[in-house]
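Engineer: Same order as they appear, the protein sequences are chains A and B.
Using our numbering, the letters of the first sequence map in sequence onto residues 263 to 563.
Using our numbering, the letters of the second sequence map in sequence onto residues 2 to 315.
Think of the CB as a built atom: it goes at the ideal place given N, C-alpha and C, for glycine as much as any other residue.
I'd like to ask some things about the structure below.
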Amino acid sequence: MSALLAELAVPFTYDYMWKAMWVSALVGAVCAFLSCYLMLKGWSLMGDALGHSIVPGVAGAYIIGAPFAAGAFFAGILAALGMAFVKQHSRLREDATIGLVFTTLFALGLLMASLHPTSVSIQTIVLGNILAIADEDALQVVIIAAASFVVLAFIWKDLMVTFFDETYARGIGLKTRTLKLVFFTLLSACTVAALQTVGACLVIALVVTPGATAYLLTDRFNRLLVIAVAIGTVTSFVGAYLSFFLNGATGGIIVTLQTLIFLAAFYLAPKHGVLAARRKARVARDRALAESKSASVAEAA
Amino acid sequence: MMNRLDTVKRGEAVARPASIAVNDLTVTYPNGFTAVRDASFELGPGSICALVGVNGSGKSTVFKAIMGFVTPTAGQVRLCGLPVEKAISQNIVAYVPQSEDVDWNFPVLVEDVVMMGRYGHMNFLRIPSKKDRLKVDEALERVNMSAYRKRQIGELSGGQKKRVFLARALAQEGRIILLDEPFTGIDVTTETAIINLLRDLREAGHLMLVSTHNLGSVPDFCDQVVLLNRTVLAAGPTASTFTQENLERTFGGVLRNFELGGHALHEDDDARRINVITDDERPLVFYGVKSRKKKNAKKQDAKKKTAKNQDADQ
C-alpha cells in the first residue's frame with residue numbers, strides 16, 4: 263500500500279514535473295475562461311485557426327533564437343492581415359478564407375521546421391512538450407496566462423453584456439469594440455501559451471471543451487465560468503501528472519480527460535443532459551396518457 | 002473626492018427635466034447613403050412620442066443618433082441639454098432593443114439581465130450593491146415578472162422577454178426611454194400592460210420615444226408623434242399631427258389606405274365613410290355584424306367586408 267503511494271508521489275519529487283503541472287494548470291484555467299465566451303459566440307473554430315497560424319512564427323523564432331511569443335505574435339498578425347486581404351479581394355466566404363489562410367501558414371511552419379531539424383522540433387510544436395519546457399519558455403507562458411487572467415477578472419461582466427446584447431452594451435456606455443479587441447488579443451495570447459502545453463493541433467480543445475461542458479450544467483454565466491475554469495485547471499494539472507506514468511503526450515491526456523468529463527455531462531447533466539431529456543419526455547407522455555385515460559373514464563360514466 | 006464629484010454630477014442629471022432636442026440632423030453612412038437629412042424635433046418631459054415611418058424612413062438611424070451609435074454628419078442631438086455621449090455616461094437614456102438582436106441561448110437568468118441595467122451605476126468591477134438589488138426587485142415587480150426571475154431568458158414567451166427588457170430599462174432609471182418596435186410579436190395583454198406602464202412613467206415625468214408599426218394604437222397612448230420619411234415631415238401633438246393627410250404624406254404609396262362607404266357598405270344613403278389606414282399588416286374589418294349583447298338591436302342585413310376583399314377591389 264505504502265509502496266503504491268510512494269510510487270504515485272514520485273512525480274512530485276521532480277522539479278520539472280512540478281513546473282509542468284502548474285504551468286499546465288494555469289494555461290488550462292485561462293483557456294477555459296476564454297472558452298465560455300468563444301463557444302457562446304459560435305467562434306470556436308477561430309481558436310483552431312489561430313493555433314495553426316502561429317506555428318511558422320514559433321518555428322521562425324526558434325530558428326533565429328528569438329522569444330517564441332514574439333514570433334507567434336508576428337505570425338498571428340500576418341494571419342489576420344492575410345484573411346482580411348483575401349476577403350477583400352475575392353468573393354470567398356469567411357470559412358473558406360480562414361481555412362485557406364491558416365492551413366497555408368501551418369504548412370509553412372512545418373516546412374520551416376523540417377528544414378531546420380536541429381533548432382526546431384516539429385513534434386514539440388504540433389503536440390506540445392510541457393515536460394521538457396525550457397525555463398525561459400515557461401516564464402513567457404506564465405506571464406501571458408497570468409496577465410490574461412487578471413485582465414479577464416476585471417472585464418468579464420462587461421464582456422458578458424457585450425456578447426449577450428451588444429446594442430444594449432453600447433447603450434450603457436460600454437466600449438464594445440475595444441472590449442472585443444481585448445478579447446481577441448487575449449485569445450491569441452492564450453493560444454500561444456497553450457501551444458506549449460498541448461500543441462497546435464489540440465489548442466482548440468482547451469478553448470472549447472471546458473466552456474461547452476459547463477454550458478450543459480448551468481444557466482448562469484458566473485457559474486459557467488467557475489465550472490469551466492475548474493474543469494480546465496484540474497484536467498490540465500492531472501493530465502500533466504498522468505503523462506509521467508503513461509509516457510504519453512501531455513496534450514493528448516489533458517484533452518482526453520476533458521472529453522470524458524464532457525461526455526459525463528452530456529448524458530448526466532440534470533437539466534440539459536440526454537438522460538434528463540428522455541426522463542422529461544417520458545413524464546410528459548405518461549401525463550398525456552393518464553389524462554386521456556381519465557377523460558375516457560369520465561366519458562363512460 | 003472623485004466619488005463625491007461623481008454623485009454631484011449624477012444628482013444634477015436627475016434634477017434636469019427629460020428632453021430630446023434634434024436639430025437639423027443629417028446622417029450619411031460611409032457608403033454614401035444619406036439616411037436622414039435635416040431632421041428636427043423637440044420633446045419635453047412627461048410625454049410618450051411615437052416615431053412613425055415606413056421601413057427605411059430613417060427611424061433606426063434617428064435612434065442610433067440619439068444613442069450615439071452614429072455620429073451626425075451635420076446637426077446635433079442633445080439629451081436633457083447635454084451632448085449624447087455625456088448623457089449616455091450619466092445613464093440618462095435607457096434603451097429597449099428589438100428582441101431579434103439578442104442571443105436567447107445565452108446562460109443568463111431573468112434577474113441577471115435586469116441587473117445589467119444597473120451596470121452603469123456600479124464601479125468598474127460591477128459588484129452590485131444593496132441598492133442595485135433593490136432596484137432590480139422593484140423593476141421586476143413593476144413588469145409583473147418577479148415569479149420568473151430564476152428562469153433562463155430563452156425559456157420565456159415573446160411578451161415576457163419584452164417585459165424583462167423593459168424591467169432592465171426601469172432598473173437603469175433613465176429619464177429618457179427609447180423603445181424600438183416594442184409591440185411586434187407580443188400578445189394584446191402584454192401590449193396593454195406595457196402601455197399602462199408607459200403611462201405611469203409619463204406621469205412620473207419620463208420621456209419615451211417609441212418607434213412603432215402599430216398605427217392603430219398611436220392615438221391611444223402617444224401624446225406626441227414624429228412622422229419620418231428620410232426627414233421629419235411633421236412633428237407635434239397627436240391630435241393635430243396624426244392626421245390622415247400627414248399619414249398619406251408619410252407613407253406615400255406604401256400605406257394601405259382604403260375607404261368603405263356608400264352602397265359598397267350599406268343599403269341606405271348614409272354619406273359617412275369608414276377609413277382604414279394601415280402600415281404593413283392587413284387588418285380584418287367586419288362591418289354590420291350583430292352586436293353580441295343585443296342580438297336583435299339591428300335587424301339590418303349583416304354584411305361582412307374584409308379588408309382583403311376591398312384591397313383586391315382597388
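1) How is the alpha helix (DSSP H) around A22/B delimited, first residue to last?
2) Tell me which residue opens and which closes the beta strand (DSSP E) that Q225/B is part of.
3) According to DSSP, is D188/B part of a helix, a strand, or is it coil?
4) Taking contact to mean 3 or more Cβ pairs, one atom from each stretch, closer than 8 Å, check whether the region 485 to 492 of chain A and the region 518 to 526 of chain A are in contact.
5) Quick one: complete alpha helix (DSSP H) runs, 4+ long, within the region 24 to 86 of chain B?
6) Verify whether the separation of the beta carbon atoms of F64/B and S212/B is less than 9 Å.
7) Report the three-state DSSP secondary structure of V219/B (helix, strand or coil).
8) Tell me whether the beta-carbon of L210/B lies closer than 9 Å to the beta-carbon of C50/B.
9) Shortest alpha-carbon distance to L228/B belongs to which of P18/B, L208/B, G253/B and A205/B?
10) Taking 6 Å as the limit between beta carbons, can you name the residues of its chain near G121/B, skipping five residues before and five after?
11) F70/B to L373/A, Cα distance in whole Å?
12) Let me know the alpha helix (DSSP H) ranges lying completely inside the region 355 to 443 of chain A, each 4 residues or longer, listed in chain order.
13) Taking the alpha helix (DSSP H) that S264/A belongs to, which residues open and close that run?
14) Reducing DSSP to helix, strand and coil, say where L171/B ends up.
15) Based on Cα-Cα distance, which residue from E398/A, T471/A and G313/A lies nearest to A328/A?
16) Quick one, are the C-beta atoms of A140/B and V115/B less than 9 Å apart?
17) Could you tell me which chain A residues have their CB closer than 8 Å to the CB of Q153/B, listed as they occur along the chain?
18) Need the endpoints of the alpha helix (DSSP H) that A236/B sits in, please.
19) Counting C-beta neighbours from all protein chains within 10 Å, is the total for T475/A 16 or more, i.e. buried, or is it exposed?
20) Between the beta-carbon of H267/B and the beta-carbon of P46/B, is there less than 9 Å?
21) Below 6 Å CB to CB, which residues in the same chain sit around V292/A once its five sequence neighbours on both sides are set aside?
22) On the three-state DSSP scale, how would you describe S502/A?
23) Let me know the secondary structure DSSP gives V211/B once reduced to three states.
24) Report the CB separation of F445/A from Y276/A in whole angstroms; it is logged as a contact under 8 Å.
25) Name the residue from A19/B, L44/B, L52/B and S58/B whose alpha carbon lies nearest to the alpha carbon of V28/B.
Structural biologist: Taking the coordinates as given:
1) Translated into the one-based positions of the second sequence, residue 22/B becomes position 21. Careful: A22/B lies outside any alpha helix (DSSP H), inside the beta strand (DSSP E) at I21 to T29.
2) Indexing the second sequence from 1 puts residue 225/B at position 224. Note, Q225/B: beta strand (DSSP E), Q225 to L229.
3) As a position in the second sequence, residue 188/B is number 187, starting the count at 1. Coil at D188/B, not helix or strand.
4) no
5) 60 to 68
6) Here residue 64/B corresponds to residue number 63 of the second sequence, with the count starting at 1. Here residue 212/B corresponds to residue number 211 of the second sequence, with the count starting at 1. Closer than 9 Å, so yes.
7) As a working mapping, residue 219/B is identified with position 218 in the second sequence. V219/B: helix per DSSP, three-state reduction.
8) As a working note, residue 210/B is residue 209 in the second sequence. As a working note, residue 50/B is residue 49 in the second sequence. Contact flag set, yes.
9) Within the second sequence, numbered from 1, the residue matching residue 228/B stands at position 227. Measuring from the Cα of L228/B, the nearest candidate turns out to be G253/B.
10) Counting from 1 along the second sequence, the entry for residue 121/B is found at position 120. Only N92 meet the Cβ criterion.
11) Here residue 70/B corresponds to residue number 69 of the second sequence, with the count starting at 1. Here residue 373/A corresponds to residue number 111 of the first sequence, with the count starting at 1. Each residue's alpha carbon lies about 47 Å from the other.
12) 356 to 377, 384 to 389, 397 to 426 and 428 to 433
13) As a first step, residue 264/A must be located in the first sequence, where it is residue number 2. It spans S264 to A271 - the alpha helix (DSSP H) in which S264/A sits, taken as one unbroken run.
14) Walking along the second sequence from the start, residue 171/B turns up at place 170. If DSSP states are grouped into helix, strand and coil, L171/B belongs with the helices.
15) To locate residue 328/A, count along the first sequence from 1; it is residue 66. Of E398/A, T471/A and G313/A, the residue nearest in Cα terms is E398/A.
16) Locating residue 140/B in the second sequence gives position 139, where the first residue counts as 1. Locating residue 115/B in the second sequence gives position 114, where the first residue counts as 1. Yes, Cβ-Cβ distance for A140/B and V115/B is below 9 Å.
17) In the second sequence, counting from the first residue as 1, residue 153/B sits at position 152. Near Q153/B (Cβ distances below 8 Å), the residues of chain A are D481.
18) Here the question's residue 236/B lines up with position 235 in the second sequence. Premise fails: A236/B lies in the beta strand (DSSP E), V233 to P238, not in any alpha helix (DSSP H).
19) Numbered from its first residue, the first sequence carries residue 475/A at position 213. Looking at its Cβ environment, which holds 16 or more other Cβ atoms inside 10 Å, T475/A is buried.
20) Here the question's residue 267/B lines up with position 266 in the second sequence. Here the question's residue 46/B lines up with position 45 in the second sequence. No, Cβ-Cβ distance for H267/B and P46/B is not below 9 Å.
21) Taking the first sequence and counting its residues from 1, the one referred to as residue 292/A is at position 30. Excluding sequence neighbours, V292/A sits near A407, S410, F411 and C452.
22) Against the first sequence, residue 502/A aligns to sequence position 240. The question names Ser, but residue 502/A in the sequence shown is Ala. If DSSP states are grouped into helix, strand and coil, A502/A belongs with the helices.
23) Position 210 of the second sequence holds residue 211/B. Looking at V211/B - three-state DSSP - the assignment turns out to be strand.
24) Stepping through the first sequence from its first residue, residue 445/A is reached at position 183. Stepping through the first sequence from its first residue, residue 276/A is reached at position 14. Going by Cβ atoms, the distance from F445/A to Y276/A rounds to 37 Å, so no, they are not a contact pair.
25) Locating residue 28/B in the second sequence gives position 27, counting from the first residue. Closest by alpha carbon: S58/B.
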